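The block underneath contains the structure these notes are about, expressed in structure tokens.
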Amino acid sequence: MKKKYFDDKTIAKIKAYVYALFDPLEDRPFYIGKGRGNRVFQHVEGAIQEDRESNKYEKIREIRSRQTKNRVKHTIIRHGMSDEVAFEVESALIDLANRTGANLTNEVTGHNSIENGMMSSDEVMRKYNAQPLNELLHSVAIININKKYKIIRDEAIQVNTKYSEKDLIYESVKQAWVMGVRRETVDYVLAEYKGIIVEVYEVIEVINHEESPERWYKVPGYKNRWGFHGIRAVDHVRDNYLNKSIAHHKKRGAANPIRYTL
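Be aware that the sequence shown starts at 1258, since it is given in the working numbering, and climbs by one per residue.
Right, here's the structure in full:
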């Protein structure tokens, strides 16, 4: 098959762009991305040349295996943008496609989804009218995930792990933290991102490989770092903390990502 490329003149004109890959038998995308140059065509090349497995590559290989209509459709949705604008357009389209059942093969959610991703009108109101959190009604640990969220998201992109926004938040908060014995008194973990509580988890007991019950576990490879087993807290607990702000309690320059009190 003859490879498709943009010529140099086209590349110079289109700048950063957002594109979609379509199955020719379906009228909806299976992958949305942002790129420059010939990025839009590199997915098909990767599926042909690389042994690596991913949902995206499997879809491309399945399309190419058909006797008819075996070419992935490449569509440029918007072009002529800066990288910053293209990232936002890509993120918005990924959010919308996932919400409307497109079943994308993208490994992770879009750029800045946790901050500016798809929300209901009520959620937007809560975000920008975040009430201050001034009382803790349960035994909690508040864990800041600013740095960890970015690390987990970047790692997911590199190894082609598919996470929803909810999954990314949990993966970012569940481990590995330097904690003392006080952790054993914690019943709920509040995930905090840039001063806002973005999720609430109940710490639950599970049976480990030694057939012993545990709520917190020592993370392998670390001397004193711990993780917890958690599930999303029930609504009547979440409602006390979710989308509330602790920014007014935070001291400028504070380095410890964990706090137990306000």
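Glycine included, each C-beta is placed from N, C-alpha and C at the ideal position.
As the structure is a computational prediction, the values presented were derived from the model and not from experiment.
### Task
For residue 1263, I'd like the list of residues in its chain whose CB is within less than 6 Å of its CB, leaving aside the five on either flank, ordered along the chain.
Cβ within range, chain order: 1295.
### Query
So, helix, strand or coil for residue 1330, using DSSP?
In the three-state reduction of the DSSP assignment, residue 1330 falls in the strand class.
#### Entry: Residue nearest to residue 1488 in terms of C-alpha spacing, selected from 1472, 1275, 1481
Nearest C-alpha to residue 1488: 1472.
#### Entry: Nearest candidate by alpha-carbon position, reference residue 1333, set 1268, 1315, 1448, 1357
Looking at the Cα atoms, 1268 is the closest of the given residues.
### Message
Restricting to Cα atoms, I'd like to know which of 1453, 1443, 1382 is closest to residue 1402.
### Response
Nearest of 1453, 1443, 1382 to residue 1402, Cα basis: 1453.
### Query
Is there at least one non-hydrogen atom of the ligand ADP closer than 7 Å to the beta-carbon of residue 1320?
Among the components modelled here there is no ligand, and therefore nothing to report on the ligand ADP.
### Task
Mind reading off the beta-carbon distance from residue 1301 to residue 1350? Whole number of angstroms is fine, and I expect it under 8 Å.
About 20 Å separates the two Cβ atoms, so there is no contact after all.
### Message
Just to confirm before moving on: does the CB-CB distance between residue 1406 and residue 1447 stay below 8 Å?
### Response
Taking 8 Å as the Cβ cut-off, residue 1406 and residue 1447 do not qualify as a contacting pair.
#### Entry: Where residue 1350 sits in the DSSP three-state scheme
When secondary structure is reduced to three states using DSSP, residue 1350 falls in the helix class.
### Query
Residues bridged to residue 1397 by DSSP?
Partner(s): 1445.
### DSSP beta-bridge partners of residue 1335
According to the DSSP secondary-structure assignment, residue 1335 is paired through a beta bridge with 1275.
### Message
By the DSSP assignment, the alpha helix (DSSP H) with residue 1321 in it spans what residues?
### Response
Element bounds for residue 1321: 1312–1321.
### Query
For residue 1389, does the count of other Cβ atoms within 10 angstroms reach 16, so buried, or fall short, so exposed?
So residue 1389 ends up on the exposed side.
### Task
Give a yes or no on whether the C-beta atoms belonging to residue 1455 and residue 1426 are separated by under 8 Å.
Yes, Cβ-Cβ distance for residue 1455 and residue 1426 is below 8 Å.
### Query
In chain order, what residues of the same chain lie with their CB nearer than 6 Å to the CB of residue 1399, ignoring the 5 residues before and after it?
Correct list, in chain order: 1447, 1449, 1516.
### Query
Which two residues bound the contiguous alpha helix (DSSP H) that contains residue 1287?
Not the alpha helix (DSSP H): residue 1287 falls in the beta strand (DSSP E), residues 1286–1292.
### Query
residue 1290: buried (16+ other C-beta within 10 angstroms of its C-beta) or exposed?
Counting Cβ neighbours within 10 Å, residue 1290 comes out buried, since at least 16 surround it.
### Query
Among 1376, 1478, 1485, which residue has its Cα nearest to the Cα of residue 1464?
Looking only at 1376, 1478, 1485, the smallest Cα-Cα distance to residue 1464 is reached by 1485.
### Task
Would you kindly report the start and end of the unbroken beta strand (DSSP E) that includes residue 1489?
That run of the beta strand (DSSP E) goes 1487–1489.
#### Entry: Cβ-Cβ distance between residue 1278 and residue 1331 below 8 Å
Against a cut-off of 8 Å, the Cβ pair of residue 1331 and residue 1278 comes out as a contact.
### Message
Under DSSP, the beta strand (DSSP E) around residue 1302 begins and ends at which residues?
### Response
Element bounds for residue 1302: not the beta strand (DSSP E) but the alpha helix (DSSP H), 1296–1306.
### Task
Grab me the residues of residue 1479's own chain with a C-beta within less than 8 Å of its C-beta, minus the 5 sequence neighbours each way, in chain order.
Taking residue 1479 as the centre and dropping the five residues before and after it, the same chain places the C-beta of 1433 closer than 8 Å to its C-beta, in chain order.
### Query
Taking the alpha-carbon positions, what's the residue 1442 to residue 1495 distance?
Using only the alpha carbons, I get a separation of about 19 Å.
### Task
Using the Cα positions of residue 1321 and residue 1360, report the straight-line distance between them to the nearest angstrom.
The straight-line gap from Cα to Cα measures roughly 19 Å.
### Query
What residues in its chain sit with their C-beta under 7 Å from that of residue 1431, if we drop five residues either side in the sequence?
For residue 1431, where only same-chain residues beyond five positions count, the Cβ hits under 7 Å are 1484, 1485, 1487.
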